[in-house]
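S.K.: In terms of the numbering used here, the sequence shown opens at residue 1175 and continues consecutively.
Yeah, the Cβ is synthetic: ideal placement off N, Cα and C, and Gly gets one too.
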Amino acid sequence: MLAAALGCGVAGAFVPAVAYRLAVPYGQPARRDCAACGAPLAAGARGWVAARCGYGHRLGVPRWLTASVAGSAGGLLGAALGPVAVLPIFLALTVLGVLLGVVDVACQRLPDQVVLPALAATPVLLGAVAGRSGAWDDWWRGLLACLVVGLVLTGMVLLPGGGLGVGDAKVGALLGWYLGWLGWEAVVLGVVLPWVVNVPVLLVLLATRRVGWRTAMPFGPALLVGALLAVPAVTWWPALAAF
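(1) From the DSSP output, read off the bridge partner residues of Arg1206.
(2) Can you tell which of Asp1207, Val1298 and Ala1294 has the C-alpha that lies nearest to the C-alpha of Ala1347?
(3) Between which residues of its own chain and Ala1415 is the CB-CB distance below 6 Å, once the five residues before and five after are set aside?
(4) State the CB to CB distance for the pair Val1235 and Pro1190, rounded to an integer number of angstroms; the pair is presumed to be in contact (CB under 8 Å).
(5) Output needed for Val1361: all residues of its chain with C-beta closer than 7 Å, excluding positions within five of it in sequence on either side, in chain order.
(6) Residues in the same chain with beta-carbon distance under 7 Å from Gln1287, minus the five sequence neighbours each way, listed in chain order, please.
(7) Checking the sheet assignment: what are the DSSP bridge partners for Arg1226?
(8) Within 10 Å of its beta-carbon, does Leu1250 have 16 or more other beta-carbons around it, so buried, or fewer, so exposed?
(9) For the alpha helix (DSSP H) that contains Phe1264, what are its first and last residues?
(10) Within 10 Å of its beta-carbon, does Tyr1229 have 16 or more other beta-carbons around it, so buried, or fewer, so exposed?
(11) Can you have a look at Leu1333 and say buried or exposed, based on whether 16 or more other CB atoms are within 10 angstroms of its CB?
(12) Is Ala1209 buried or exposed, if buried means 16 or more other CB atoms sit within 10 Å of its CB?
(13) Between which two residues does the alpha helix (DSSP H) containing Val1192 stretch?
(14) What do you reckon, are the CB atoms on Cys1182 and Leu1265 nearer than 8 Å?
(15) According to the neighbour-count rule (16 or more other Cβ atoms, all chains shown, within 10 Å of its Cβ), is Arg1220 buried or exposed?
(16) Can you check whether the CB of Pro1199 is closer than 8 Å to the CB of Asp1207?
(17) Could you check which residue in Leu1176, Gly1201, Ala1204 and Arg1226 has the C-alpha nearest to that of Phe1188?
(18) Hey, how far is the Cα of Arg1237 from the Cα of Gly1186?
(19) Gly1364: buried (16+ other C-beta within 10 angstroms of its C-beta) or exposed?
(20) For Leu1176 and Val1370, I'd like the C-alpha separation in whole angstroms.
(21) Closer than 6 Å by C-beta to Gly1402: which residues in its own chain qualify, once you throw out the five before and the five after it? Chain order, please.
(22) To the nearest angstrom, how far is the alpha carbon of Gly1256 from that of Pro1406?
(23) Alpha carbons only, please: which of Gly1218, Leu1270 and Val1279 is nearest the one belonging to Leu1290?
Below, the structure is given as structure tokens:
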């Protein structure tokens, strides 16, 4: 658990710069300059990891915030799953989820540059684990869950006033594959919990008048948190019920 938390925390510290560059309106290229002063961002890899521009302006959210969130989520997953072969893949998804959540909050967009490669890599990575462990039933269940969740959320996207975007459906499909690997109980919880998470947040924002009833709200963070909570829920519930 400690190693999982530490690894995700360190990786999460590099999220702000990447999120800052990707948090742009749909169809626009990644940001190349500092919004505060207009200075061009550093070229090459440094421009994707530096927390500040050349004039000292912070790029995006603080490092400690994303490191804390990623580390906490990684520790929770490490404790829930234990030292299993798929844990590193789930932890990588956790850091990716923090990145997607930050971008979605910033510009209500879940960038294809992140989601589509993750969707493409998932069957390969989990397939490698299945090939070594023989867990092909988990792999096929994950694939089916990916398709089911993706279709369900796509249907909700098409509903008038549904409040979901195409990016939400893609991320839901991605999360569905990982939850499907764990079992159908995790998939069901992963679909239901985002709404449970989102309602109190929305009520607080409405009560404080930070949003109105017609304000568009990002749903990606709720999807990610719901999927995260589904993992310990299904792994710890049998022990808690027996106790």
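M.R.: This is what the structure gives:
(1) Looking at the DSSP output, Arg1206 sits in no beta bridge, so it has no partner there.
(2) Looking at the Cα atoms, Ala1294 is the closest of the given residues.
(3) Only weak support exists for where Ala1415 lies, its pLDDT of 49 falling under 50; the coordinates are left without a value.
(4) Confirmed, Cβ separation roughly 5 Å.
(5) Within the same chain, Val1361 has close Cβ partners Ala1319, Val1323, Gly1350, Leu1353 and Gly1354.
(6) Leu1196.
(7) In the DSSP output, where bridge partners are listed per residue, Arg1226 has Arg1232.
(8) By the neighbour-count rule (16 or more Cβ atoms within 10 Å), Leu1250 is buried.
(9) Going by DSSP, Phe1264 is part of the alpha helix (DSSP H) stretching over Leu1261 to Cys1281.
(10) That one is exposed.
(11) Leu1333 comes out exposed.
(12) That one is exposed.
(13) Bounds of the alpha helix (DSSP H) holding Val1192 are Val1189 to Leu1196.
(14) Taking 8 Å as the cut-off, the Cβ atoms of Cys1182 and Leu1265 count as close.
(15) With fewer than 16 other Cβ atoms inside 10 Å of its own Cβ, Arg1220 counts as exposed.
(16) No. Outside cutoff.
(17) Of the listed residues, the one whose Cα sits closest to Phe1188 is Arg1226.
(18) In this structure, the CA atom of Arg1237 is about 8 Å from the CA atom of Gly1186.
(19) With 16 or more Cβ atoms within 10 Å of its Cβ, Gly1364 is classed as buried.
(20) It is roughly 29 Å from the alpha-carbon of Leu1176 to the alpha-carbon of Val1370.
(21) Looking at the sequence shown, residue 1402 is not Gly but Leu. Excluding positions up to five away in sequence, the list reads Ala1247.
(22) Between the C-alpha atoms of Gly1256 and Pro1406 there is a straight-line separation of about 11 Å.
(23) Nearest of Gly1218, Leu1270 and Val1279 to Leu1290, Cα basis: Leu1270.
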